[in-house]
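Read through the structure below, which is laid out as structure tokens, and then see the notes.
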Amino acid sequence: MILAAVPSGARVLEAPTTLPRRNAGDSSVITFKAVRGPSLSRSERLDLDLPTSLLWTIANPEALDRVGVHLSGVRRWTDLDASPTAEAARDALQLVLEDAVIGPALLPGVAFAAVGTDSIRMTGAVGSMYGHEALGAGVTLTAETMQPCTAVTGKARAVLEVSAYAHGTAPVAKQLLADVEVALRGDDVDLIESETGCIFERHPVGNIVDLDGLAGAEWESRAVVRLAVYLRAMRATAIETIESVSFDQVRASTPAGITGGIATFEVTDT
Numbered sequence: 008m009i010l011a012a013v014p015s016g017a018r019v020l021e022a023p024t025t026l027p028r029r030n031a032g033d034s035s036v037i038t039f040k041a042v043r044g045p046s047l048s049r050s051e052r053l054d055l056d057l058p059t060s061l062l063w064t065i066a067n068p069e070a071l072d073r074v075g076v077h078l079s080g081v082r083r084w085t086d087l088d089a090s091p092t093a094e095a096a097r098d099a100l101q102l103v104l105e106d107a108v109i110g111p112a113l114l115p116g117v118a119f120a121a122v123g124t125d126s127i128r129m130t131g132a133v134g135s136m137y138g139h140e141a142l143g144a145g146v147t148l149t150a151e152t153m154q155p156c157t158a159v160t161g162k163a164r165a166v167l168e169v170s171a172y173a174h175g176t177a178p179v180a181k182q183l184l185a186d187v188e189v190a191l192r193g194d195d196v197d198l199i200e201s202e203t204g205c206i207f208e209r210h211p212v213g214n215i216v217d218l219d220g221l222a223g224a225e226w227e228s229r230a231v232v233r234l235a236v237y238l239r240a241m242r243a244t245a246i247e248t249i250e251s252v253s254f255d256q257v258r259a260s261t262p263a264g265i266t267g268g269i270a271t272f273e274v275t276d277t
């Protein structure tokens with residue numbers, strides 16, 4: 008979202024350990040870091056069955072169709088060509104799911120493995136997969152294994168501090184952050200939210216603060232603003248299943264006031 012809002016050639020750095028200084032090839036630099044949270048202020052506790060293994064399968068893919076999966080609040084897909092095959096469609100989606108940059112960030116802890124020529128097996132610990140849904144014609148998503156669990160789910164709020172640095176006396180940094188705020192209100196945000204599961208507040212936590220000043224021997228344009236972000240959250244604890252109980256004797260007593268004694272039963276079956 009930040010990259011889409013700033014001019015080409017600008018650098019965007021996450022949580023830098025030192026304040027950036029403009030290099031010859033940089034028109035501007037934007038940094039961001041989490042200064043508060045994420046904190047789960049409101050949550051819901053549920054007892055439900057969550058999958059630990061899902062099988063995504065495509066059969067008879069249609070030309071120019073969009074196929075994919077909605078999983079754990081994240082929507083990932085691929086667009087098919089004019090003459091798609093099941094194997095080509097499967098391989099294209101697997102590349103999207105296993106993207107080295109966004110894959111682990113959007114679906115942490117979920118592993119993907121090709122099965123046959125038309126399927127992908129998705130596996131993960133309890134709580135890593137929920138809200139599963141197949142996308143596209145001829146696509147199925149089958150839960151192979153389910154685990155009863157107690158889940159705490161909701162939205163966790165975090166506050167990001169975004170800073171901008173630019174060379175020169177013009178208030179470029181302040182304008183860069185104004186562009187970021189405008190991007191939060193743009194149509195692209197809806198697409199970002201559907202792809203990532205992150206919900207951006209439409210208003211910043213605070214105003215843009217102009218911090219223009221000297222950086223060494225040169226004047227530097229600087230500004231900072233804080234933005235609120237809501238992140239999807241799921242924490243699940245597996246409920247273990249008692250499959251069998253073994254015992255030798257059972258003692259049962261009658262309620263008070265009713266004539267009867269204590270009976271002892273010999274149990275041979277488990």
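For the sequence shown, the positions run 8 to 277 when our numbering is used.
Every residue gets a Cβ at the ideal spot worked out from N, C-alpha and C, and that includes glycine.
Exercise for the section: Give the straight-line distance between the Cα atoms of Leu57 and Arg242, rounded to the nearest whole angstrom. Expected result: 11 Å
Exercise for the section: Take every Cβ of the region 121-132, pair it with every Cβ of the region 50-67, and state whether three or more of those distances are shorter than 8 Å. Expected result: yes
Exercise for the section: Starting from the C-beta of Ser170, find all residues in its chain whose C-beta is less than 6 Å away, skip the five residues before and the five after it, and write them out in chain order. Expected result: Thr38 and Val231
Exercise for the section: Tell me, please, which residues DSSP counts as bridged to Gln154. Expected result: Leu57
Practice task
Could you check what DSSP says for Gly110 in three-state terms: helix, strand or coil?
Solution key: helix
Problem - At least three beta-carbon pairs within less than 8 Å, the region 150-159 to the region 109-124 - result: no
Problem - Secondary structure of Ile127, DSSP reduced to three states - result: strand
Exercise for the section: Check whether the Cβ atoms of Ser50 and Tyr137 lie closer than 8 Å to each other. Expected result: no
Exercise for the section: Determine, using beta carbons only, whether Leu55 and Val36 come nearer to each other than 8 Å. Expected result: no
Exercise for the section: Closer than 6 Å by C-beta to Thr266: which residues in its own chain qualify, once you throw out the five before and the five after it? Chain order, please. Expected result: Confidence is the limiting factor: at Thr266 the pLDDT is only 49, short of 50, which leaves the residue's position unreliable and the question unanswerable from this model.
Handout entry: C-alpha gap between Glu168 and Val159, whole angstroms
Key = 28 Å
Exercise for the section: For Asp276, I'd like the list of residues in its chain whose CB is within less than 6 Å of its CB, leaving aside the five on either flank, ordered along the chain. Expected result: Here Asp276 scores only 49 on pLDDT, less than 50, and its place in the model should not be relied on; the value that follows carries that caveat. Result list for Asp276: empty, nothing under 6 Å.
Practice task
Could you tell me if Thr147 is buried or exposed, where buried requires 16 or more neighbouring beta carbons within 10 angstroms of its beta carbon?
Solution key: exposed
Problem - Inter-residue CB distance, Pro238 and Ala165 (contact presumed, cutoff 8 Å) - result: According to the sequence provided, residue 238 is Leu. The question's Pro does not apply to it. Between Ala165 and Leu238 the Cβ distance is about 6 Å, and since that is below 8 Å, they are a contact.
Exercise for the section: Tell me the start and end of each unbroken alpha helix (DSSP H) in the region 33-84 that is at least 4 residues and wholly inside, in chain order. Expected result: none
Practice task
Could you tell me whether the Cβ atoms of Arg229 and Leu218 are closer together than 8 Å?
Solution key: yes
Problem - Element boundaries [alpha helix (DSSP H), containing Ala222] - result: Not the alpha helix (DSSP H): Ala222 falls in the beta strand (DSSP E), residues Gly220 to Ala222.
Exercise for the section: Could you check the C-alpha separation between Ala31 and Trp84 for me, to the nearest Å? Expected result: In this predicted model, Ala31 has a pLDDT of only 45, less than 50, meaning its place in the structure is not dependable enough to derive any value.
Handout entry: Three-state class that DSSP yields for Glu250 in the structure shown
Key = coil
Exercise for the section: Express the C-alpha separation of Val42 and Ser34 in angstroms, rounding to a whole number. Expected result: 26 Å
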